[in-house]
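Chemist: Going line by line, the protein sequences match chains L and V.
Oh and the first sequence: position 8 is 8 in the UniProt record's numbering, straight run, nothing missing.
Oh and the second sequence: position 334 is 334 in the UniProt record's numbering, straight run, nothing missing.
Ideal placement from N, C-alpha and C gives every residue a C-beta, glycine not left out.
What follows is a structure written as structure tokens; I'll ask about it next.
There are 2 protein chains.
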Amino acid sequence: MGLVTVTWTNYLKKRIPLRIRFLHTLKGNQIGQILMSPPLASLDLPDIWSPISSCRSIPAIHKSFNEQTTVVLDGKLISMEIRSKIAAKVRQMKKGLGKVPGLAVILVGQRRDSQTYVRNKIMACEEVGIKSLVTELPTDCAVTDVQNAIMRFNKDPSIHGILVQLPLPQHLDEEKVLDAVCLEKDVDGFHPLNMGNLAIRGREPLFTPCTPKGCIELLIRSGVEIMGKKAVVIGTSNIVGLPASLLLQRHHATVTVIHAFTQNPEQITSEADIVVSAAGVPNLVRGNWIKPGAAVIDVGTTPVEDPGCEDGYRLAGDVCYEEAVKVASIITPVPGGVGPMTVAMLLCNTLDSAKRMLNFS
Amino acid sequence: MGLVTVTWTNYLKKRIPLRIRFLHTLKGNQIGQILMSPPLASLDLPDIWSPISSCRSIPAIHKSFNEQTTVVLDGKLISMEIRSKIAAKVRQMKKGLGKVPGLAVILVGQRRDSQTYVRNKIMACEEVGIKSLVTELPTDCAVTDVQNAIMRFNKDPSIHGILVQLPLPQHLDEEKVLDAVCLEKDVDGFHPLNMGNLAIRGREPLFTPCTPKGCIELLIRSGVEIMGKKAVVIGTSNIVGLPASLLLQRHHATVTVIHAFTQNPEQITSEADIVVSAAGVPNLVRGNWIKPGAAVIDVGTTPVEDPGCEDGYRLAGDVCYEEAVKVASIITPVPGGVGPMTVAMLLCNTLDSAKRMLNFS
Chain L
1 MGLVTVTWTN YLKKRIPLRI RFLHTLKGNQ IGQILMSPPL ASLDLPDIWS PISSCRSIPA
61 IHKSFNEQTT VVLDGKLISM EIRSKIAAKV RQMKKGLGKV PGLAVILVGQ RRDSQTYVRN
121 KIMACEEVGI KSLVTELPTD CAVTDVQNAI MRFNKDPSIH GILVQLPLPQ HLDEEKVLDA
181 VCLEKDVDGF HPLNMGNLAI RGREPLFTPC TPKGCIELLI RSGVEIMGKK AVVIGTSNIV
241 GLPASLLLQR HHATVTVIHA FTQNPEQITS EADIVVSAAG VPNLVRGNWI KPGAAVIDVG
301 TTPVEDPGCE DGYRLAGDVC YEEAVKVASI ITPVPGGVGP MTVAMLLCNT LDSAKRMLNF
361 S
Chain V
1 MGLVTVTWTN YLKKRIPLRI RFLHTLKGNQ IGQILMSPPL ASLDLPDIWS PISSCRSIPA
61 IHKSFNEQTT VVLDGKLISM EIRSKIAAKV RQMKKGLGKV PGLAVILVGQ RRDSQTYVRN
121 KIMACEEVGI KSLVTELPTD CAVTDVQNAI MRFNKDPSIH GILVQLPLPQ HLDEEKVLDA
181 VCLEKDVDGF HPLNMGNLAI RGREPLFTPC TPKGCIELLI RSGVEIMGKK AVVIGTSNIV
241 GLPASLLLQR HHATVTVIHA FTQNPEQITS EADIVVSAAG VPNLVRGNWI KPGAAVIDVG
301 TTPVEDPGCE DGYRLAGDVC YEEAVKVASI ITPVPGGVGP MTVAMLLCNT LDSAKRMLNF
361 S
């Protein structure tokens, strides 16, 4: 008996609804691509999603190599634009309902970097009119202390988002802490049910983790086509690597996840059109890891000693910027790239949550 | 200021505990590899996990190409061995507690393939001494009818696993149905909380979906090293593709997921040491898609017309077997490869569940 051969193209025709197939042909069409991106509950703000031309005004490095222009994405500028739209929506909510979104942050211990991150988040909340509350707990507190703090916020109707600043001191069971956050207020998207719903096709998580959500927002706003492209995610953390790979897959990229056991990571990365690096290893990704014209999103923010800086240290990305900027078509700097987007996405998730809870559109 | 360069190797040394690093050096050592595999709640039966030499007795095709022997994995034989061990454990439980594991199956509609699958599962239960109950519902039933059937089994203390045979008729909301299965009895592992816990590093799902679990079991039993190897999963279904990619990542493979939007899938697949194909497209994976010496696990079971067969049709895999068998080092046939393993893993999950609920070790 002869072989039954069904080509991949026939398979596509059979399996992909006509609308999607049609959109698939709109290669390079930014509006087509944005419309086509799978709907994400946490990215459903039309005022944030609409394609903007703001990235045109971002400082760009023009270079001669390969006659290509590298766009350095200004995360600060883009996040400011998003934040101003969130602020407008918050004002609208206050006017209409007499209520504003509320974010509760729980900070355990005295880590300087965590304190800085929490301070930045609180300041960002204030700026857009989101109410914020911080509960600080001592390093040696018990897991029940953290859980109790969470429970109080779970019950508080003025709070729409609860965030536990990670990492926790080692003696605290992260799983027990994160599971205490009620699903409807899990604005970090770290609850396993939110992660499961992010992974499962046809389901929608209530929240998408802020950093990977910011990465995708940067890619889409820069006109990077994701569908069908090869994407490499470096790092498998629950906070960035895992949800970034799931999000890129939702946008129909062909995703490879690279980690410490990967053989020849440089070779695999050098074939990718999109690189999202979240390994936490300064200068891991060298220029020769990058395919010419690739989009490079650097999530790394590792503190490294630097006597020249005010605090004696600076934040270093995973990507060797000086080398990569000569090869990539789009790149994010550290600091000032993904970082500000993470905070903007947190505000966005908190606003989304308040809108859902208060039935405000 | 000079660049701070941390090599990947240094990163490994910093991040990977000594025990794992030591085991990482045991390349090709099967026992080392099995010990090293991340613990999975659903794969914790020592009598199933212990490396066995059964695959040595599997009929193998010896061929001259590249002086390499291709092992054709006999899923029936391997699953029989697993089932006999499950049967022994069930007898032990019956003797010790006077109770046996119980599986409830819900079948909606008249699909012939679904009826066959359910019949096979029930027969397998009987064979190992697991009690089974089947609820059949008409095609046009309401979602509440299915939910009510599930609720009854949720409350029934003699039932330790509940399985809803998929696919459901189109008018029924799969999400609403699957979410009704209580987490502790979700032996299919399709609940989003189980999937989230499978995805999140450091967490353990109560159950791992049966088919991908069977694929990994086949790989490990055949001595295929997974850690650090390039693996390609073809297909993104919630039942196979997604959990297979998550499982392979747990075993530290470098995983790429291929789907209908992937460009040059044959080129990407041809670089993989391990191929798990679950696209449902007969003969999609041709011989030239396979890297010489790769392990090929074919999950496809698409009914194709065949007047020569008793029922007028036969099940076809995704892999063009006649071509692939000449290139791969290990391959599963269709039928008789992954299929019987899926049923064995379902029994395994049901036994695990009963052991956990009845506190029996």
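#1: Measure the C-alpha to C-alpha separation of V:C303 and V:M357 and round it to an integer number of angstroms.
#2: Below 7 Å CB to CB, which residues in the same chain sit around V:T350 once its five sequence neighbours on both sides are set aside?
#3: Using a beta-carbon distance below 8 Å, is L:T332 in contact with chain V?
#4: Taking the straight line between their C-alpha atoms, what separation do you get for L:A295 and L:L219?
#5: Check distances from the C-beta atoms of the segment 256-271 of chain V to those of chain L and list, in chain order, the residues that come in under 8 Å.
#6: Secondary structure at V:K291, three-state DSSP: helix, strand or coil?
#7: Would you kindly check if the distance between the Cβ of V:L246 and the Cβ of V:L168 is under 8 Å?
#8: With 8 Å set as the bound, which would you pick, yes or no: does the beta-carbon of V:H171 sit closer than that to a beta-carbon of chain L?
#9: How many angstroms separate the CA atom of L:S79 from the CA atom of V:I331?
#10: Given a limit of 9 Å on CB to CB distance, which residues of the segment 189-204 of chain L reach chain V?
#11: Compare the C-beta of V:L26 against all C-beta atoms of chain L and say whether one is closer than 8 Å.
#12: DSSP three-state label for L:T314, please.
#13: On the DSSP letters alone, give me the boundaries of the beta strand (DSSP E) that L:T269 sits inside.
#14: Can you pull the chain V residues whose beta carbon is under 9 Å from the beta carbon of L:N238, in chain order?
#15: Use the C-beta contact count for V:P292: other C-beta atoms within 10 angstroms, 16 or more gives buried, fewer gives exposed.
#16: Pull the bridge partners of V:P303 from the DSSP assignment, please.
#17: Can you pull out the residues from the segment 115-147 of chain V whose beta carbon lies closer than 9 Å to at least one beta carbon of chain L?
#18: What residues of chain V sit near L:G228, judged by a beta carbon separation below 8 Å?
#19: In whole angstroms, what is the alpha-carbon distance linking L:L347 and V:K355?
#20: Looking at the secondary structure, which residues open and close the alpha helix (DSSP H) in which V:G196 lies?
#21: Measure the CB-CB distance between L:A244 and L:V276 and report whether it falls below 8 Å.
#22: Tell me the residue span of the alpha helix (DSSP H) that contains L:I122.
#23: Does DSSP put V:K131 in a helix, in a strand, or in coil?
#24: Around the C-beta of V:T144, are 16 or more other C-beta atoms found within 10 angstroms, so that it is buried, or is it exposed?
#25: Verify the CB distance criterion: does V:T254 have a CB-CB separation below 8 Å to chain L?
#26: With a threshold of 8 Å between beta carbons, is L:E225 in contact with chain V?
#27: If contacts are defined as beta-carbon pairs under 8 Å, then V:V233 and V:V257 qualify, I think. What distance do you get, rounded to the angstrom?
#28: I'd like the ranges of any beta strand (DSSP E) spanning at least 3 consecutive residues and lying wholly in the segment 135-219 of chain L.
#29: Should L:L97 be labelled buried (16 or more other beta-carbon atoms within 10 Å of its own) or exposed?
#30: Do you know offhand how far L:K13's Cα is from V:Q170's?
#31: For a cutoff of 8 Å on Cβ pairs, would you count L:Q165 as touching chain V?
#32: Go ahead and label L:T69 buried or exposed: buried means 16 or more other beta carbons lie within 10 angstroms of its beta carbon, across all protein chains shown.
#33: With H, G and I counted as helix, E and B as strand and the rest as coil, what does DSSP make of L:S57?
#34: Checking 8 Å against the spacing of the C-beta atoms, do V:G235 and V:M345 come in under that value?
#35: To the nearest angstrom, report how far apart V:V325 and V:G287 are at their CA atoms.
#36: Between which residues of its own chain and L:Q147 is the CB-CB distance below 8 Å, once the five residues before and five after are set aside?
Modeler: Looking at the atomic coordinates:
#1: Contrary to the premise, residue 303 of chain V reads as Pro rather than Cys in this sequence. Cα to Cα, V:P303 sits roughly 38 Å from V:M357.
#2: Annotation for V:T350: P101, L103, I130, H160, G161, V187 place their beta carbon closer than 7 Å to its own, counting only its chain and skipping 5 residues before and after.
#3: No, because no Cβ of chain V sits closer than 8 Å to the Cβ of L:T332.
#4: Linking L:A295 to L:L219 through their CA atoms gives a straight-line distance of about 8 Å.
#5: T256, V257, I258, H259, A260, F261, T262, Q263, P265, I268: these are the residues of the segment 256-271 of chain V whose beta carbon lies less than 8 Å from some beta carbon of chain L, given in chain order.
#6: Looking at V:K291 - three-state DSSP - the assignment turns out to be coil, as it is neither helix nor strand.
#7: Against a cut-off of 8 Å, the Cβ pair of V:L246 and V:L168 comes out as no contact.
#8: Residue-level contact by beta carbon fails for V:H171 and chain L, as no gap is shorter than 8 Å.
#9: Cα to Cα, L:S79 sits roughly 50 Å from V:I331.
#10: Listed by position, the residues of the segment 189-204 of chain L near chain V (Cβ gap below 9 Å) are F190, H191, P192, L193, N194, M195, G196, N197, L198, A199, I200, R201, G202, R203.
#11: Low local confidence applies: a pLDDT of 27 at V:L26 is under 50, so the model's placement there is unreliable, with the coordinate-based value given in what follows. No, no contact with chain L.
#12: Sequence inspection shows Arg at residue 314 of chain L; the Thr mentioned does not correspond to that position. Reduced to three states, the DSSP call for L:R314 is strand.
#13: DSSP places L:T269 outside any beta strand (DSSP E); the residue lies instead in the alpha helix (DSSP H), whose first and last residues are 265-269.
#14: Taking a Cβ-Cβ threshold of 9 Å, the residues of chain V close to L:N238 are A199, I200, R201, G202, R203, in chain order.
#15: Of the other Cβ atoms in all chains shown, fewer than 16 fall within 10 Å of the Cβ of V:P292; this residue is therefore exposed.
#16: V:P303 pairs with V:L315.
#17: Taken residue by residue, none of the segment 115-147 of chain V has a beta-carbon sitting less than 9 Å from a beta-carbon on chain L.
#18: F261, T262, Q263, listed in chain order.
#19: In this structure, the alpha-carbon of L:L347 lies about 45 Å from that of V:K355.
#20: Unbroken alpha helix (DSSP H) run through V:G196: 192-199.
#21: It is a contact, given that the beta carbons lie within the stated cut-off.
#22: Note, L:I122: alpha helix (DSSP H), 112-128.
#23: DSSP places V:K131 in strand when its eight states are reduced to three.
#24: Exposed, since its Cβ has fewer than 16 Cβ neighbours within 10 Å.
#25: By this cut-off, V:T254 is an interface position.
#26: Taking 8 Å as the CB threshold, L:E225 stays off the interface with chain V.
#27: At roughly 5 Å, the Cβ-Cβ gap stays under 8 Å, so V:V233 and V:V257 are in contact.
#28: The DSSP assignment places complete beta strand (DSSP E) segments of no fewer than 3 residues inside the segment 135-219 of chain L at 161-164, in order along the chain.
#29: So L:L97 counts as exposed.
#30: Note that L:K13 scores a pLDDT of 44, beneath 50, so its modelled location is shaky; the value from the coordinates is reported in the next line. Cα-Cα distance, rounded: 20 Å.
#31: Chain V, which has no Cβ nearer than 8 Å to the Cβ of L:Q165, makes this no.
#32: Flag for L:T69 reads exposed.
#33: Note on L:S57: pLDDT 35, under 50, position unreliable in the model; the coordinate value appears next. In the structure shown, L:S57 sits in a helix (DSSP, three-state: H, G or I).
#34: Going by C-beta atoms, V:G235 is not nearer than 8 Å to V:M345.
#35: If you take the alpha carbons of V:V325 and V:G287, they lie about 8 Å apart.
#36: Here the set comprises K176, V177, A180.
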